[in-house]
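Enquirer:
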Amino acid sequence: MLADSHCHLDEFEDAAAQVKKALEKGVVEIVSNSVDLKSMERNLELARRFENVKCALGLHPSNILQMNLEEIERGLEFIEKNIKNCIAVGETGLDFKHAKTTEEKEKQKRIFIRHIEIANKYKKPIVVHSRMARRECVELLEEYSAQKVLMHWFVASDKLLAKVTNLGYFITIGPSVMFSKHMGEFVRKVPLQNLLLETDAPVRYNGKVAEPCWIEKIAETVAECLRIDIKLLECKLEKNFSKLFYA
Ligand SMILES: [Zn+2]
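Residue numbers (numbering that gives the first Met the number 0): 0 to 246.
1. Exposed or buried, what is PHE240 when buried is set at 16 or more other beta-carbons lying within 10 Å of its beta-carbon?
2. For the pair the stretch 144–152 and the stretch 177–190, tell me if three or more CB-CB distances fall below 8 Å.
3. Tell me whether ASN32 is buried or exposed, calling it buried when 16 or more other Cβ atoms sit within 10 Å of its Cβ.
4. What runs of the alpha helix (DSSP H), each 4 residues or longer, lie entirely inside the stretch 9–71?
5. The beta strand (DSSP E) with PHE95 in it runs from where to where?
6. Do the stretch 72–79 and the stretch 109–120 make contact, defined as three or more Cβ pairs closer than 8 Å?
7. In the structure shown, what three-state DSSP assignment does GLU131 receive?
8. Can you determine whether any heavy atom of ligand 1 sits closer than 7 Å to the C-beta of GLU90, and answer yes or no?
9. Tell me whether the stretch 95–113 and the stretch 162–175 touch, counting them as touching only if at least three CB pairs, one residue from each stretch, are closer than 8 Å.
10. Taking the alpha-carbon positions, what's the ALA161 to ALA155 distance?
11. With DSSP collapsed to three states, give me the class of PHE240.
12. Looking at C-beta atoms only, is the number of pairs between the stretch 14–27 and the stretch 81–91 that lie closer than 8 Å three or more?
13. Residue range of the beta strand (DSSP E) that ALA2 falls in?
14. How far does the beta strand (DSSP E) with ILE82 in it reach, from first residue to last?
15. I need the DSSP call for LEU195, collapsed to helix, strand or coil.
16. How long is the line joining the alpha carbons of LYS122 and LEU243, rounded to whole angstroms?
17. From HIS128 to LEU93, what does the alpha carbon distance come to, in whole angstroms?
18. Assuming GLU90 contacts HIS151 (C-beta within less than 8 Å), just tell me the rounded distance between them.
19. Under the rule that 16 or more other beta-carbon atoms within 10 Å means buried, what is GLY173, buried or exposed?
20. Should the stretch 28–42 be called in touch with the stretch 57–69, which here means at least 3 C-beta pairs below 8 Å?
Structure (structure tokens):
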């Protein structure tokens, strides 16, 4: 079984076409992540419409910089109100590429902590964005005792990778593994029991819009990097997906 553990299906004009294409390539689960109130509503709708689409509800750390406190509170309330209809809390975290001032960084931290608390309260996994703030994200997750964690699009030093995997967090590898030798080397360092795949679609890679159906090729590339049989890899990934999202 193949799954796209992290994408933004709601950002496609024709989500139905994406679901169909993914299914044809054996991608039978798609976790669509939210970034703001509108995308949470859209993703809930997609999850209702398609059996193999699940949604994660959250406020993206970059989006919250443009939101006032009232909008943020409304967003957080919305997550709690709809928690039964989502598979995870996300995407949340820190993005220090966009948060430049101390004030902005503190705002992101406060809202990230609120997401961790919601995830803990309802025993949901949390999907974490950690651009230019990897160490800071892991510190907060640890401090606030996050239980089930997916570090999305995560590349780290050996030391931080060891810490994250020892905590039992999962890590997603995305399309970059198909284009970068460095990512091929990194994927070999990730313990198989911590590994999941994602596209972050519709993000762009090498001028192309990523799609959930890319998971098939990403899986092939990862299997080649690890020199293991694709069927064995799929089996491990399925186990990991169930452990994170369904256990
Ligand atoms: Zn994302």
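Backbone N, C-alpha and C fix where the C-beta goes; we use that ideal spot for every residue, glycine too.
Source: prediction; values computed, not measured.
Expert: With the structure as the only source:
1. buried
2. no
3. buried
4. 14–23, 36–48
5. Taken as a continuous stretch (DSSP letters only), PHE95 belongs to no beta strand (DSSP E), as it is neither H nor E.
6. yes
7. Sequence inspection shows Met at residue 131; the Glu mentioned does not correspond to that position. The answer is coil: DSSP assigns MET131 none of H, G, I, E or B.
8. Yes, the beta carbon of GLU90 sits closer than 7 Å to at least one heavy atom of ligand 1.
9. As far as the Cβ criterion goes, the stretch 95–113 does not touch the stretch 162–175, which means the pair count is below three.
10. Take the alpha-carbon of ALA161 and the one of ALA155: they are about 9 Å apart.
11. Of the three classes helix, strand and coil, the one that applies to PHE240 here is helix, per DSSP.
12. no
13. For ALA2, the enclosing beta strand (DSSP E) begins and ends at 1–6.
14. It is not in any beta strand (DSSP E) - ILE82 carries neither H nor E in the DSSP assignment.
15. strand
16. 11 Å
17. 6 Å
18. 7 Å
19. buried
20. yes
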